[in-house]
Amino acid sequence: MAYWNLFLGFFRIGLLGYGGGPTMIPLVHAEAVQKYQWMTDDEFTDVLAMGNALPGPIATKMAGYIGYKVNGYMGAFIAITAMVIPALIGMILLLGLIYKLKDSGIVGGMTHGIQPVIGVMMAVMAYDFFKKAWQSWVKSKTLAWTLISIIALVLLNLNPGLLIGIALAYAFTESTYLTNKKKRKQQQGNSDRGFSA
Numbered sequence: 021m022a023y024w025n026l027f028l029g030f031f032r033i034g035l036l037g038y039g040g041g042p043t044m045i046p047l048v049h050a051e052a053v054q055k056y057q058w059m060t061d062d063e064f065t066d067v068l069a070m071g072n073a074l075p076g077p078i079a080t081k082m083a084g085y086i087g088y089k090v091n092g093y094m095g096a097f098i099a100i101t102a103m104v105i106p107a108l109i110g111m112i113l114l115l116g117l118i119y120k121l122k123d124s125g126i127v128g129g130m131t132h133g134i135q136p137v138i139g140v141m142m143a144v145m146a147y148d149f150f151k152k153a154w155q156s157w158v159k160s161k162t163l164a165w166t167l168i169s170i171i172a173l174v175l176l177n178l179n180p181g182l183l184i185g186i187a188l189a190y191a192f193t194e195s196t197y198l199t200n201k202k203k204r205k206q207q208q209g210n211s212d213r214g215f216s217a
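Just add 20 to the spot in the sequence shown (first one is 1) and you have the numbering used here.
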């Protein structure tokens, strides 16, 4: 049953993920987190960050990871295959037709019509991520990283993968420092108790 759910979930994503890549992320979230509950929102955020930091298409990396998490190597194979099948079939069947109609108003209208929907889907997901960070992290750091991200991506045109790498390095350094600080305090407390005894 899990194999079938993996196939159906990622087949739907491949079928409905117009434009590929980042446009598929809200669909992956809807299937993996909301519908099948293969992972939590926090896990999804971590997978998304790592997927953006690594080379290659984001949707297939996420499909591979989620499939592996659900059912090992076979799950990864099924998820990736299910996601790729609709695009492969569509390209084979429709490539000639689309090439002939590429300059027509119909295809242009379809392209322009779907773009606002994709924009809203991405904005809703971005808002959800911001809200979770606001509730679970230091508010000043959430605001600072939001501002840094806007400047880096919009004004400086920095590669998103590089920005994610910097954010991950910061988070790793900070968590390592805080963990070591906590250990030192515990050791200090233990030694003080031993000395007083």
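Idealized CB from N, CA, C, for every residue including glycine.
Between PHE97, PRO106 and ALA79, which has its C-alpha nearest ARG32's C-alpha? Position 12 of the sequence shown holds residue 32. In this structure, PRO106 is the residue among PHE97, PRO106 and ALA79 with its C-alpha nearest to the C-alpha of ARG32.
Less than 8 Å between the CB atoms is what I'm expecting for ILE100 and GLY84, so what's the real figure, rounded? Counting from 1 along the sequence shown, the entry for residue 100 is found at position 80. Counting from 1 along the sequence shown, the entry for residue 84 is found at position 64. Indeed, because the Cβ distance is near 5 Å, the residues count as touching under 8 Å.
Just checking GLY87 against the ligand COA - is the residue's beta carbon closer than 8 Å to any of the ligand's heavy atoms? Among the ligands in the structure shown, none appear at all, so the ligand COA cannot be discussed.
Counting Cβ pairs closer than 8 Å, one from the stretch 38-52 and one from the stretch 119-139, do we hit at least three? yes
Should MET111 be labelled buried (16 or more other beta-carbon atoms within 10 Å of its own) or exposed? Position 91 of the sequence shown holds residue 111. By the 10 Å Cβ count, MET111 comes out exposed.
Can you give the Cα-Cα distance for ILE168 and ALA79, rounded to whole angstroms? Within the sequence shown, the letter at position 148 stands for residue 168. Within the sequence shown, the letter at position 59 stands for residue 79. Distance from the CA atom of ILE168 to the CA atom of ALA79, rounded to whole angstroms, is 25 Å.
Beta strand (DSSP E) segments (min. 3 residues) lying fully within the stretch 138-196: none
Contact check, ILE86 vs ALA52, beta carbons under 9 Å: Locating residue 86 in the sequence shown gives position 66, counting from the first residue. Locating residue 52 in the sequence shown gives position 32, counting from the first residue. Cβ atoms of ILE86 and ALA52: closer than 9 Å.
Starting from MET70 and walking both ways along the alpha helix (DSSP H), at which residues does that stretch end? Counted from its first residue, the sequence shown places residue 70 at position 50. Run containing MET70: 61-73, per the alpha helix (DSSP H) assignment.
ALA187 beta carbon less than 9 Å from that of ALA69: The residue you call residue 69 lines up with position 49 of the sequence shown. The residue you call residue 187 lines up with position 167 of the sequence shown. Going by C-beta atoms, ALA69 is nearer than 9 Å to ALA187.
Pair within 9 Å by beta-carbon distance, ILE98 and TYR23: On the sequence shown, position 78 is the one that residue 98 refers to. On the sequence shown, position 3 is the one that residue 23 refers to. Yes, the pair counts as a contact, with Cβ atoms nearer than the cut-off.
Are LYS89 and MET130 close, meaning C-beta to C-beta below 9 Å? On the sequence shown, position 69 is the one that residue 89 refers to. On the sequence shown, position 110 is the one that residue 130 refers to. No, Cβ-Cβ distance for LYS89 and MET130 is not below 9 Å.
Endpoints, the alpha helix (DSSP H) within which GLY34 is located: Within the sequence shown, the letter at position 14 stands for residue 34. Judged by DSSP secondary structure, GLY34 falls within the alpha helix (DSSP H) whose first and last residues are 22-36.
So for TYR119, helix, strand or coil by DSSP? Against the sequence shown, residue 119 aligns to sequence position 99. Residue state, collapsed to three classes: helix.
Assuming ALA172 and LEU183 are in contact, meaning their beta carbons sit under 8 Å apart, how far apart are those beta carbons, in whole angstroms? Within the sequence shown, numbered from 1, the residue matching residue 172 stands at position 152. Within the sequence shown, numbered from 1, the residue matching residue 183 stands at position 163. Yes, ALA172 and LEU183 are in contact; Cβ-Cβ is about 5 Å, under 8 Å.
Please list, in chain order, all residues of the same chain as ASN72 whose beta carbon is under 7 Å from its beta carbon, the five residues on each side excluded. Taking the first residue of the sequence shown as position 1, residue 72 is located at position 52. ILE78, PRO180, GLY181 and ILE184, listed in sequence order.
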